[in-house]
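Let me begin by presenting the structure, written as structure tokens, before commenting on it.
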Amino acid sequence: LTLEAQTIARACGKNHLHNLEPEDLCALSIEAAAMAGVPLAGTNWVPGQGGF
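Next up, the structure:
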């Protein structure tokens, strides 16, 4: 899991996992997006925060 997280950080152009920002994250399902408060992948929509 640690190596995967480091790979994600590097793919976002960050040199350390702690440098990830909320804007770097997205969710792959509506449920995960709603629980984490991050956009659904491929959209700017955050379920449960109004708007469509």
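First residue of the sequence shown: 842, per our numbering; consecutive thereafter.
We put the beta carbon where it would ideally sit given N, CA and C, even for glycine.
Fair warning: this is a prediction, and the values are worked out from it, not measured in the lab.
- Distance from the Cα of A868 is smallest, within the candidate group A852, V887, E862, A850, for V887.
- In the structure shown, A868 falls within a strand segment according to DSSP collapsed to helix, strand and coil.
- Contact check for L861 and A850: beta-carbon distance about 6 Å, within the 8 Å limit, so the pair qualifies.
- Counting C-beta atoms within 10 angstroms of its own C-beta, A874 has 16 or more neighbours from the protein chains shown and is therefore classed as buried.
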